[in-house]
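Scroll down for the structure; my scribbles are underneath it.
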Amino acid sequence: MGLSSRIPIRKTLGFGLSNVINLFNPEVIIVGGGMSAAGDRLLNTVRDTVKNHALHLSSGVSPIVQAWASRNDRRGCICKK
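Numbered by this note's numbering, the letters in the sequence shown go through residues 5 to 85 in order.
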């Protein structure tokens, strides 16, 4: 799969995390599991989508970071309140 075919998935994740940020206002969002293997290729688009669609007050204080987990860790996303 080319990089461009995964852009809708990145935006969808960004929209979903925008909703999480708007509802719960977490201190940090940690992306892990299989998604974390994509690193900044995934997270840059997700961060841009969150910046454009989350409430500005919340999106500025909820950084989205990559987890450094073991291969057996299959959790996709952890939101810390």
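Beta carbons are placed, not taken as given, at the ideal position from N, Cα and C, and that holds for glycine. Values in this document were obtained by computation on a predicted structure and should not be read as measured data.
Ile33 versus Ser22 - alpha carbon distance: Each residue's CA atom was taken as its position, placing Ile33 and Ser22 some 11 Å apart.
Proximity test, Gly64 beta-carbon vs the ligand PLP heavy atom, cut-off 8 Å: Because no ligand of any kind appears in the structure shown, any question about the ligand PLP cannot be addressed here.
Contact under 9 Å by Cβ, Thr49 with Gly20: no
Residue ranges of each beta strand (DSSP E) within the segment 16–64, 3 or longer: 32–35
Buried versus exposed, by CB contacts within 10 Å (16 or more), Pro30: Counting the other CB atoms within 10 Å of its CB gives Pro30 a total of 16 or more, which places it among the buried residues.
C-beta contact flag for Ala58 and Val35 at 9 Å: No.
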